[in-house]
Each structure stands twice: as structure tokens, then as C-alpha cells.
Amino acid sequence: MKGKIAPLIMKTKLQKNKVQKSCSLAIASTCIVLFTTLAPQSLRADIIAKESFDYSNGPISGKSGGTGFDWHQLTKAHTGSVSDWDSIYGAPSVSGGKLYTNGGGSQICDREYNGPNELISFSYDHTEQSAGAIRANFQEDQDAVVYYKILMTRTASTTWSGISSLDFDNETVFFGAPTTLAPGGNREFGIEVRSSDPTSQQGRTFSGVQPVAGRTYCLVAKIDYGNDLLSLWIDPNLDSAEGSSSPLVTRAYTGVNWSTGVRITAGNEASWDDLRVATTWGELKDSPPVVDNSRLRSSLIRQIRKFSKQFKKAKRSKKKPLARRLKKKIAKLKKRLRAL
């Protein structure tokens, strides 16, 4: 009797181990699925935010679409804690998928790199706006770079217009057509370090190039803390490396202020689109959409195998005309497969 019981005990233990192992795998799989479902949207670690203003027509204030705007600078990751747009002056609004700073006087709107709660100064609570800040006076960010890209269209009534870096509620560095006219009395593209900048480097550098009403410009700006340099490009070649396009204007800058958000501002009417904030030049332009050719590839492989079998059969049967036709068909299919 003992001899019969022992194998039964062993069998029961083996079955129990199999069940435990199966349960462990099932739990692990469930955890992976839950993590994938609940994790914040995945973005490249060199893009902070992008915004195409795809909202229903109306005020921009309170809108929180786009991609990113949940940047955590310490971890270089996206957290899912998204900021929203704030109207600072006037009533900037969206119409037809574009942002309009319209009406008389100042038109200003801001959005932070991380949200949802806005602060007016530094906070050690890294779940707030300060979490998204590029901290130029911190050791890890002393060589940091911030890029902005936006499409801007001015009207005949537009005075100043451009894009700025914010240090919390301070507008520090401005790129575009500044509020002050150039020495010759013309409105020109340039770079301005605003009076709210804490580094006492206020002033402007002009390009000599006047903006034209009705023309859409691609403005690309760069704050390079490591090389103490501000740069502004107009209509650069974003399909090529940064060095392939020369800046329209540069300005030396040794400021160590933080960069926590982006501001769009204009005097009177202008329209804006395709905003991007990034830490590399390569992320200023969308990559072409990835075409999924997996189904076509599988279909071509199946056809090649099918006709290859028929070719071998025709060859064995000495059906030369059929074999030649099949050989040509197989060659064409292989050519299409290599092109994918």
C-alpha cells in the first residue's frame, strides 16, 4: 500500500507546482498589461511638448490638448501630469485649428512644461511646475539646451510678435519681432532679453530683416546655456542637421534663469500653429509616418513559396514555357519584397 501512495503524493506535488507556476505567470502577465494600460503616453526623451491647436473654436484658456506638457526634467520622462493654456492678456483664441492673438493691444498666452498647478516661484514640490523646469543654475542643467519652433503669420496691423521662455511668471528671453523698433525705426526680427530677466542682461540684437505681413514664417529659437548663446532661425531646413542652417541672429547670454514654460505674444493680430518645445534639433520636425508593410510582406512571401513549388513541379515535368513564366513571376515578387 505504501508503494502505491508514494507515487500519488509525488504526482500531487508536481501538479501543485505546475498550478503555482501557471498562476505566477498569469499574475505577471496581468501586471504587465495593467502597467502598459495605465502608464503615461510614451514620448521620446528629447521632446518636451508639441501643440497643433486642434481644438474646437473658442478661447485657448484652459485647453490642455497637444502632446507632452508633462515633462519631468530630473528624470527626463513624461509623467502624465499635463499643464493647460493660460490667457495672460487679451483673449487669444483658436479658430480653424490655429491660434489667433487677435484684437487690439497685447495678446499673450502661456503654457508650462509640466502641470497642472502653476506656481509663481521655485518650489521643492517636484510634482508641480518646478518639476518641468530646466534649471540652468543646477549642476545637471548647466549645459542644457531648449529649442522652440512655431509657425507665425503676421498681419498689416501686427506690431511685436514672437515666442518667449518663462522663468515661472517672468518672461525672460523673447524671439521674434520685439516691442522696440530697430535703430533705423523699422520693425525687425531679433532677440530680446526682457527687463524681467534676473541677470541684468537686458537688451536687443536685431537682424536687419523686416517681417512681411501675410507671410507664414517658421521661427526656430534656441537657448544654449552651455555655450552662453541665444539663436533665432527663420525658415531653417529642418530636414537636415542644425549646422546646415545659419541663425538669422544670435546674442551672447550668460543667464542662469530657469526655463519653465513657453509664451506666445503679439501686439494686435497674428496667427500661430505647430508649436514644439524640445531639447534637440531633430525633434523640431515630425518624422514621416511609419508605414506598416507587415501584411504585404507576409502575402508576398506566401506567393513566392506557392509559385516556387509550382516552378519546381513544372521543371520536373519538363513544362518549359510554364516554368519560364513562373520564374519571371517569382523574380517580380522578390523585387517587390526587397523594396519594402
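Numbering follows our numbering, in which position 284 of the sequence shown is assigned residue number 322; successive positions increment by one, without gaps. Glycine is no exception: its CB is placed at the ideal position from the N, C-alpha and C atoms. Just so we're clear, the structure is a prediction, and the values are computed from it rather than from any experiment.
- Secondary-structure assignment with DSSP links lysine 353 through no beta bridge to anything.
- Proline 216 sits close to arginine 242, with the two beta carbons spaced by under 8 Å.
- Using a Cβ distance threshold of 8 Å, alanine 352 and leucine 364 count as a contacting pair.
- Taking C-beta atoms under 8 Å as the contact rule, threonine 317 and aspartate 84 qualify, at a distance of about 5 Å.
- Counting only residues of its own chain and dropping the five nearest sequence neighbours on each side, serine 346 has a CB closer than 7 Å to the CB of Ile368.
- DSSP, reduced to helix, strand and coil, places glycine 170 within a helical segment of the structure shown.
- By the Cβ rule, the segment 188-202 does not count as touching the segment 167-180, because fewer than three pairs are nearer than 8 Å.
- Arginine 374: member of the alpha helix (DSSP H) spanning 358-377, first to last residue.
- In the structure shown, tryptophan 271 falls within a strand segment according to DSSP collapsed to helix, strand and coil.
- Inclusion of glutamine 111 and isoleucine 172 in the CB contact set at 8 Å is warranted, their separation being smaller than that value.
- If you look at isoleucine 86, you'll find it in the beta strand (DSSP E) that goes 85-89.
- Closest in C-alpha terms to valine 294, from the list Gln145, Gly128 and Ala182, comes Ala182.
- With a 10 Å radius around the Cβ and a threshold of 16 neighbouring Cβ atoms, glutamine 248 comes out exposed.
- In the three-state DSSP reduction, glutamate 226 falls in the coil class, being neither helix nor strand.
- In this structure, the CA atom of serine 336 is about 47 Å from the CA atom of glycine 96.
- Straight through space, the alpha carbons of isoleucine 342 and glycine 264 are spaced by roughly 56 Å.
- Taking glutamate 280 as reference, the option from Gly320, Ala174, Ser297 and Asp324 with the minimal CA-CA separation is Gly320.
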